[in-house]
Amino acid sequence: MEKRLYVGNLSYSTTEDSLEELFQQAGTVVKCELMLDKFTSRSRGFAFIEMATHEEAQNAVDMLNEKDLDGRNLRVNIARPREERPPRREGGGGHGGGGHGGGRGGRERSGGGGGGYNRDRY
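Sequential numbering of the sequence shown, starting at 58, is according to our numbering.
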């Protein structure tokens, strides 16, 4: 059995310190990781907590699942192992070739303007 817990439905105001303090009621917290958005550094609304033993992890699930923290009912589950993901393709790919030659394309225009307001009308 896993010692790592998934904690979801967190308020954006919940901190790692408040989570760790809560989970210490169930046993020894080895690690607390609040997941943050890499661009905004705001909470993503979930965390992973590692307890010292399997028994403490199960105790935390039993004690804290659906418990209110910062106005939200926590979702506490044993974390699933990360699944193997196919490697991401970098770059744009798939946009090569095909008959979109240079120039302005379409029909030729003679005379002025194009689109927008026609100065001669006012």
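All C-beta atoms, glycine included, are put in the ideal place defined by N, C-alpha and C.
Pull up the CB-CB distance for residue 133 and residue 108, whole angstroms please, since I reckon it's below 8 Å. Along the sequence shown, one-based indexing puts residue 133 at 76. Along the sequence shown, one-based indexing puts residue 108 at 51. No, residue 133 and residue 108 are not in contact; Cβ-Cβ is about 11 Å, not under 8 Å.
Taking residue 128 as the reference, which of 62, 71, 60 has the closest Cα? Here residue 128 refers to the residue found at position 71 of the sequence shown. Ranking 62, 71, 60 by Cα distance to residue 128 puts 71 first.
Between the alpha carbons of residue 76 and residue 62, how many angstroms are there, rounded? To locate residue 76, count along the sequence shown from 1; it is residue 19. To locate residue 62, count along the sequence shown from 1; it is residue 5. Distance between the alpha carbons of residue 76 and residue 62 is about 12 Å.
I'd like to know whether the C-beta atoms of residue 98 and residue 67 end up nearer to each other than 8 Å. Numbered from 1 along the sequence shown, position 41 holds the residue referred to as residue 98. Numbered from 1 along the sequence shown, position 10 holds the residue referred to as residue 67. In this structure, residue 67 does not lie closer than 8 Å to residue 98 by Cβ.
Would you mind working out which of 60, 84, 59, 92 sits nearest residue 73, comparing C-alpha positions? Mapped onto the sequence shown, residue 73 falls at position 16. Comparing Cα-Cα distances from residue 73 to each of 60, 84, 59, 92, the minimum goes to 92.
Identify which residue in 110, 90, 96, 78 has its Cα closest to the Cα of residue 59. By 1-based counting over the sequence shown, the position of residue 59 is 2. Considering only alpha carbons, the answer is 110.
Which same chain residues, not among the five before or five after residue 125, have their C-beta less than 8 Å away from its C-beta? Within the sequence shown, residue 125 is the residue found at index 68, counting from 1. Excluding sequence neighbours, residue 125 sits near 131.
Burial state of residue 113, where buried means 16 or more other Cβ atoms lie within 10 Å: As a position in the sequence shown, residue 113 is number 56, starting the count at 1. The residue in question, residue 113, is buried, as its Cβ has 16 or more Cβ neighbours within 10 Å.
Can you tell me where the alpha helix (DSSP H) with residue 75 in it begins and where it stops? The residue labelled residue 75 in the question sits at position 18 within the sequence shown. Per DSSP, residue 75 belongs to the alpha helix (DSSP H) from 73-80.
Rounded to whole angstroms, what's the CA-CA distance from residue 136 to residue 103? Just pull it up for me. For this step, residue 136 is matched to residue 79 along the sequence shown. For this step, residue 103 is matched to residue 46 along the sequence shown. Whole-angstrom Cα-Cα distance: 12 Å.
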